[in-house]
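I have placed the structure first, in the form of structure tokens, so that the comments after it can refer back to it.
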């Protein structure tokens with residue numbers, strides 16, 4: 122093996138590449154790029170023995186260089202497949218598999234793969250590829266609507282995880298110190314939370330598949346949600362994953378990681394013990410009607426007939442409100458004056474108002490005409506005038522973003538042929554005195570995924586949150602169970618009960634602590650169910666302070682940027698290379714000099 126560019130240092134261990142000054146570096150100093158001055162071997166390895174001249178344990182932004190050769194998969198394609206699978210693993214924590222406990226370790230393989238990235242570019246690529254796997258797995262049920270377009274959508278949304286890959290590599294790569302390990306447990310979850318915040322924008326698909334939502338049936342997690350919403354639950358789940366990754370891969374940081382995990386456990390215990398709990402305020406009886414009919418010849422008329430048939434037996438059962446699912450009344454039925462008469466007759470028979478949902482061409486209060494999805498309250502004398510028009514629409518399902526550019530999506534899937542119009546405000550409806558003046562806050566379908574909408578309704582005085590939904594297009598997928606589970610989180614966040622009524626299931630109800638109430642109606646049911654919901658008074662910490670965990674995540678990332686900026690300013694600039702050394706034998710260019 123021939124050495125080029127100089128000789129090994131004399132009187133110094135050839136494996137020592139600490140970068141300190143010495144005879145191995147011209148000018149007596151480190152080169153500034155992490156390589157020693159001991160020369161370069163023909164295979165591209167520094168004389169110090171590390172690939173590419175990197176310094177063991179330096180913890181550089183590239184991350185994991187000390188273990189890159191052993192930890193990196195041999196083939197880029199094999200690594201890409203491994204990353205796609207690692208990114209998809211968290212989907213198993215959501216319904217319908219419902220392996221909620223798996224969420225606390227599901228991200229560990231992805232974190233460990235990014236940790237072995239040999240460069241910042243590779244770390245960003247690892248984040249992007251894993252993000253693609255996550256988006257496809259969590260939204261796979263959209264394939265009937267989007268077909269191949271879901272791959273493009275996943276590739277675009279997956280870019281959100283590229284900066285997160287850099288962050289993971291910077292904090293977990295190499296051999297992190299105890300201080301850097303503690304920082305990782307705080308900052309890595311903060312980076313993930315900002316991804317969840319950005320993709321919660323309606324135009325990017327909305328907040329579906331937030332990692333904290335996988336904990337919807339875990340009582341301690343619901344208590345955490347009452348303190349900081351689903352955002353705080355996501356932070357804790359990510360903190361545990363980060364701590365576990367450190368325990369596995371970084372022996373020198375195991376003590377710090379163990380302490381961080383203990384702090385997480387103690388924090389949950391403190392919230393469980395001391396966070397304000399909603400206090401009881403009586404009960405209300407609400408009936409849900411699930412017709413189970415969506416498509417086929419005459420489906421609009423058959424759906425109305427079946428809804429009426431299921432509502433009539435509710436007479437005499439003392440219900441305060443009857444809720445029908447989303448699009449329970451279609452265009453043909455709503456345009457027929459006979460429909461209003463039939464609904465008013467049902468209200469008189471049952472002795473309660475009906476909250477129906479109209480999917481038809483209408484005119485709103487400002488004079489706009491078009492297709493609205495509207496929650497409409499109907500009393501004994503017909504529609505009461507209380508109406509809520511859906512504000513946040515499902516991309517491609519109810520409108521096509523940039524239709525002039527993406528309108529072709531309607532030819533390859535079930536994208537909306539015509540854009541629906543949006544409502545311009547949220548509405549709290551007050552039931553008549555016979556129902557004790559109960560105030561309800563309606564949400565339509567997709568809107569239950571947005572924490573801010575239910576919080577706004579409760580702050581405006583809603584005593585019960587009522588969601589009208591239809592996931593019939595995705596009936597055989599995980600979507601109905603995932604959608605119904607969101608009601609538990611919205612109830613726990615706000616300390617108010619919630620009803621989730623659908624056309625074809627799953628219909629369910631939750632108490633003010635997010636607990637199940639009564640028996641849910643599955644996707645195979647065509648029935649009505651009555652729920653006795655406990656009312657509550659008082660304000661949760663999330664209801665009072667809102668999305669404070671998001672601001673905390675911003676602060677953590679800002680602190681990291683400030684520290685890195687100061688470190689960069691204090692780092693001495695690399696010295697220019699010194700003049701060529703003169704020798705007694707001259708040089709090839711100038712013999713004898």
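Numbering (the working numbering), first residue to last: 122 to 714. The C-beta atom is built at its ideal place from N, Cα and C for all residues, glycine as well.
- Distance from the CA of residue 689 to the CA of residue 679, rounded to the nearest whole angstrom, comes to 15 Å.
- Around the C-beta of residue 558, fewer than 16 other C-beta atoms lie within 10 Å, and the residue is accordingly described as exposed.
- A direct Cα-Cα distance of roughly 15 Å separates residue 294 from residue 246.
- Of all alpha-carbon atoms in 656, 296, 304 and 592, the one lying nearest the alpha-carbon of residue 613 is that of 656.
- Taking residue 632 as the centre and dropping the five residues before and after it, the same chain places the C-beta of 618, 638 and 655 closer than 6 Å to its C-beta, in chain order.
- Between residue 572 and residue 350, the gap from beta carbon to beta carbon is short of 7 Å.
- Bounds of any alpha helix (DSSP H) do not take in residue 512, whose DSSP letter is neither H nor E.
- The criterion of a C-beta distance shorter than 7 Å is satisfied by residue 381 and residue 306.
- Rounded to whole angstroms, the gap between the alpha carbons of residue 509 and residue 670 is 30 Å.
- Excluding residues up to 5 positions away in sequence, 354, 610, 613 and 614 lie with their Cβ nearer than 6 Å to the Cβ of residue 346 in the same chain.
- The C-beta separation of residue 599 from residue 265 comes to about 13 Å, leaving the pair out of contact by the 8 Å criterion.
- Residue environment for residue 668: buried (at least 16 other C-beta atoms within 10 angstroms of its C-beta).
- DSSP places residue 584 outside both helix and strand once states are collapsed to three, so it counts as coil.
- For a cut-off of 8 Å, the C-beta gap from residue 650 to residue 302 is around 50 Å, too long to register as a contact.
- Taking a contact as a CB-CB distance under 8 Å, the pair residue 282 and residue 316 counts as one, their CB atoms being some 6 Å apart.
- Taking a 10 Å sphere around the C-beta of residue 371, we find 16 or more other C-beta atoms and assign the residue as buried.
- In this structure, residue 448 sits near residue 591, with a CB-CB distance shorter than 7 Å.
- With respect to the C-alpha of residue 470, the residue from 503, 452 and 231 having the closest C-alpha is 503.
- Under the 10 Å beta carbon count, residue 468 is surrounded by 16 or more other beta carbons and is classified as buried.
- In this structure residue 630 is not in contact with residue 565, their Cβ atoms being roughly 17 Å apart against a cut-off of 8 Å.
- When secondary structure is reduced to three states using DSSP, residue 577 falls in the helix class.
- When rounded, the separation of the alpha-carbon atoms in residue 392 and residue 329 is 25 Å.
- Assignment of beta-bridge partners to residue 654 by DSSP yields 405.
- Look at the beta carbons and you see the stretch 323-340 touching the stretch 202-219: at least three pairs across the two are nearer than 8 Å.
- The residue from 608, 432, 634 and 507 with its alpha-carbon nearest to that of residue 661 is 634.
- Pairing residue 451 with residue 607, the inter-Cα distance amounts to about 26 Å.
- Under the three-state reduction of DSSP output, residue 442 falls in the strand class.
- A Cβ-Cβ distance of about 16 Å is found for the pair residue 227 and residue 253, leaving them out of contact under the 8 Å criterion.
- Considered as a whole, the stretch 261-334 harbours 264-267, 270-279, 283-293 and 299-320 as its complete alpha helix (DSSP H) runs of no fewer than 4 residues, in chain order.
- If you draw a straight line from the Cα of residue 474 to the Cα of residue 432, it is about 11 Å long.
- Residue 621 has 588 and 629 as its beta-bridge partners, per DSSP.
- Ranked by Cα distance from residue 435, the options 363, 342 and 410 are led by 410.
- DSSP places residue 475 in no alpha helix (DSSP H) but in the uninterrupted beta strand (DSSP E) bounded by 474-484.
- Under the three-state reduction of DSSP output, residue 255 falls in the helix class.
- Look at residue 411 here: in three-state DSSP terms it is strand.
- Under DSSP, residue 565 forms a beta bridge with 589.
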